[in-house]
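J.:
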Amino acid sequence: MAISDILIEEAIDIIADIQGIKMNQDELVDDVILVAFVFDEESKFKLAINQITNSIHQIISQRNVGQALVNNYEGWMSFHFQSQRVNGHPADLRVVYQDIITAIRVRGFGHRHLPTNIYTRLNGR
Amino acid sequence: MKEKGLNKMTLQTIAEVEKIRHGFEMGSQVGVTSLGRSTKWREDLERLAAMQIVDRNQTTAILLKPESFQALMTYLDQVDEKLEQAQVEALFDHRRDTTEFLSGEELATKAKESFRARKQQLRGFLDGDK
């Protein structure tokens, strides 16, 4: 059972409502859709969105969480965490962000192992 | 991705992992009962890096030198980092032209407008494109 439009809009609202993030509107939609693509059961989708929300809150309050990206991505960080709170579950989700002092700028979030052409497939081009 | 990671995979690591990847050599089987009775398997293991533990002609376990196991873990970490790098590069590459970053109510409203405007395409991706 695919994730409903209502649930997708709820997830958009939940993440947009986090105080202290900046994100592009189209990319927020794309990332929520990709989470729905990977976690196509309602309960798992909700859990994953919940874990993403918690992690973004953690980043905003602590900053400098996760690994610093190098080379062309100086100043960006990638934070990995679990989609399900189960012992031994792999850290299968990530948030890529930049600390811009007044807020964190989110480049993207979602499952860590997606096909690299997924963004093209998502937008049909 | 992590700078220190790039230095971790030495030629020694690669050599150890390659030994395992090439499969088992002749004489790499050791009976489960011989493990306790004899110490010859220790010399064999040192040479072979990996051995099959055999119980009634069935391979029941694989024995690795600690160095080989460590090399394998390092190798997997390294491959994982490369995969991570490719994924993050794909993300940045696709979003390189984005300049608008919003927050709060404005982000929520515009994101939902974006979703509704692209709903047919996105639903098609979710419902059909598995």
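Chains as they are written, first to last, in the working numbering: chain A, 1 to 125; chain B, 1 to 130.
C-beta: ideal position from N, C-alpha, C; glycine also.
Values in this document were obtained by computation on a predicted structure and should not be read as measured data.
#1: Looking at the unbroken alpha helix (DSSP H) that takes in Arg56 (chain B), where does it start and where does it end?
#2: Residues of the region 40-62 of chain B with a CB closer than 8 Å to any CB of chain A: list them in chain order, please.
#3: Contact between the region 90-97 of chain B and the region 1-15 of chain A is defined here as three or more beta-carbon pairs at a separation below 8 Å; is this criterion met?
#4: Does the distance from the C-beta atom of Ile60 (chain A) to that of Gly110 (chain A) stay below 9 Å?
#5: Spell out whether any CB of chain A is found under 9 Å from the CB atom of Lys79 (chain B).
#6: For Glu18 (chain B), would you say it is in contact with chain A, using Cβ-to-Cβ distances shorter than 9 Å as the test?
#7: What does Leu93 (chain A) pair with, by DSSP beta-bridge criteria?
#8: Tell me, please, whether the CB atom of Gln19 (chain A) is closer than 9 Å to any CB atom in chain B?
#9: According to a CB-to-CB cut-off of less than 7 Å, which residues of the region 90-106 of chain A neighbour chain B?
#10: Under 7 Å Cβ to Cβ from Phe81 (chain A), same chain only, skipping five residues before and after it: list those, please.
#11: So Gly31 (chain B) is in the alpha helix (DSSP H); what residue range does that whole segment cover?
#12: Buried or exposed for Met77 (chain A), going by 16 or more other Cβ atoms inside 10 Å?
#13: Chain A partners of Thr146 (chain B), CB-CB under 7 Å?
T.: The answer reads as follows:
#1: By 1-based counting over the second sequence, the position of residue 56 (chain B) is 56. Unbroken run through Arg56 (chain B): none, as it is neither H nor E.
#2: none
#3: no
#4: Against the first sequence, residue 60 (chain A) aligns to sequence position 60. Against the first sequence, residue 110 (chain A) aligns to sequence position 110. Cβ atoms of Ile60 (chain A) and Gly110 (chain A): not closer than 9 Å.
#5: In the second sequence, the residue the question calls residue 79 (chain B) occupies position 79. Note that residue 79 (chain B) corresponds to Val in the displayed sequence, not to Lys. Not an interface residue.
#6: On the second sequence, position 18 is the one that residue 18 (chain B) refers to. No - not a single Cβ of chain A is within 9 Å of the one on Glu18 (chain B).
#7: Within the first sequence, the letter at position 93 stands for residue 93 (chain A). DSSP output for Leu93 (chain A) lists A:Phe81 and A:His111 as bridge partner(s).
#8: Working through the first sequence from its first residue, we reach residue 19 (chain A) at position 19. Under the 9 Å criterion on CB atoms, Gln19 (chain A) is classed as interfacial with respect to chain B.
#9: Of all residues in the region 90-106 of chain A, only Val96, Ala103 and Arg105 come within less than 7 Å of chain B when Cβ atoms are compared, listed by chain position.
#10: Translated into positions along the first sequence, residue 81 (chain A) becomes position 81. Around Phe81 (chain A): Gln51, Ser55, Ala91 and Leu93.
#11: The residue you call residue 31 (chain B) lines up with position 31 of the second sequence. Per DSSP, Gly31 (chain B) belongs to no alpha helix (DSSP H); it is in the beta strand (DSSP E), Gln29 to Gly31.
#12: Residue numbering aside, residue 77 (chain A) sits at position 77 when the first sequence is read from its first letter. So Met77 (chain A) counts as buried.
#13: For chain B, the structure presents residues 1 to 130; residue 146 (chain B) sits outside this window and is missing.
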